[in-house]
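Numbers given in the numbering used here equal positions in the sequence shown, counted from 1, plus 9.
Idealized CB from N, CA, C, for every residue including glycine.
Below is one structure, written out as structure tokens, with a few remarks after it.
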Amino acid sequence: MIDDIQFLAGKESTQDEFFYTFNELSLLKKQIVLVSDKHPSGLGKIKERLISRFLGGMCVDIGLPDIEMRKAMIEVKCQARGVSLPEEISQFIAESCPGGARELEGLLISALSLSRLSGGKISLDDVKKVSSNFANSKEAILPENVARAVCEHFKIPASDLAGPSRKADIVLARQILIYLLRKDLGLPLVRIGVLVGGRDHSTVIHSVEKLEKQIDTDRRLKDEILRIRSAF
Numbered sequence: 010m011i012d013d014i015q016f017l018a019g020k021e022s023t024q025d026e027f028f029y030t031f032n033e034l035s036l037l038k039k040q041i042v043l044v045s046d047k048h049p050s051g052l053g054k055i056k057e058r059l060i061s062r063f064l065g066g067m068c069v070d071i072g073l074p075d076i077e078m079r080k081a082m083i084e085v086k087c088q089a090r091g092v093s094l095p096e097e098i099s100q101f102i103a104e105s106c107p108g109g110a111r112e113l114e115g116l117l118i119s120a121l122s123l124s125r126l127s128g129g130k131i132s133l134d135d136v137k138k139v140s141s142n143f144a145n146s147k148e149a150i151l152p153e154n155v156a157r158a159v160c161e162h163f164k165i166p167a168s169d170l171a172g173p174s175r176k177a178d179i180v181l182a183r184q185i186l187i188y189l190l191r192k193d194l195g196l197p198l199v200r201i202g203v204l205v206g207g208r209d210h211s212t213v214i215h216s217v218e219k220l221e222k223q224i225d226t227d228r229r230l231k232d233e234i235l236r237i238r239s240a241f
């Protein structure tokens, strides 16, 4: 299993080595699991022969872990360290980390370190103090908040975001909403599609990839997105 495969971008010699390793493992009928922050078709600066190998497998959008999955992750990580946490503390950590595994592990490690320093005794209040240092301990951002910020910026009604209109400003607003729901909130592609009027996942992927490319070259668009972000 290889996480963050997108970091191979631009590293040609590493890509070549990985290509040969990938083929060798494939010939041996070994299972290969790759994790990326985007669909293989959206990976830039990675050689086509690797992209074709990635697309030859099953591509699944796993989204972010729900609370039950986060609790299970906490249990596994605690077991690996030979420690245990009270149920109320595990529950609090799971609820405080709506993001990915890295944020969860960061707060968990801090809690376990605090537990060791206090001789194995740790209270929920102690963990709450530790969690205040994490950005994701603040109230979760709702999709409706993001949509509202986009609508206010473009001065359009919310119904336009889910509607069929192809007017340039509405299309851009819709694409920005999709981009923010994916990048900032980490929502699954299917859910984003539902929120913008039942559009399919390929439309969602296209919107995200298009915005990513435009942001790299369009300073005005980048500033617009920053202003919208500051409003939710």
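Element boundaries [alpha helix (DSSP H), containing residue i]
i           : result
residue 202 : 198-204
residue 237 : 228-238
Nearest-angstrom Cα separation, counted from residue j out to residue i
i           : j           : result
residue 156 : residue 237 : 10 angstroms
residue 35  : residue 41  : 8 angstroms
residue 92  : residue 240 : 41 angstroms
residue 233 : residue 186 : 12 angstroms
residue 94  : residue 87  : 8 angstroms
residue 47  : residue 68  : 10 angstroms
residue 152 : residue 105 : 18 angstroms
residue 203 : residue 73  : 17 angstroms
Distance cut-off 7 angstroms: residue i Cβ against heavy atoms of the ligand ADP
i           : result
residue 115 : The model depicted lacks the ligand ADP and carries no ligand whatsoever.
Rounded distance between the beta-carbons of residue j and residue i, thought under 8 angstroms
i           : j           : result
residue 70  : residue 198 : 5 angstroms
residue 103 : residue 83  : 6 angstroms
residue 15  : residue 45  : 5 angstroms
residue 150 : residue 193 : 7 angstroms
residue 171 : residue 205 : 6 angstroms
Where residue i falls: helix, strand or coil (DSSP)
i           : result
residue 43  : strand
residue 214 : helix
residue 11  : strand
residue 146 : Its pLDDT being 42, under 50, residue 146 is placed unreliably by the model, and the measurement read from it follows with that caveat. Three-state result, residue 146: helix.
residue 55  : coil
residue 191 : helix
residue 209 : coil
* What runs of the alpha helix (DSSP H), each 4 residues or longer, lie entirely inside the segment 57-142? -> 57-64, 76-89, 96-105, 110-126, 133-140
* Please specify which runs of the alpha helix (DSSP H), each continuous and at least 4 residues long, are wholly inside the segment 151-187, giving them in chain order. => 152-163, 167-171
* Which runs of the alpha helix (DSSP H), 4 residues or longer, sit entirely within the segment 13-44? -> 21-36
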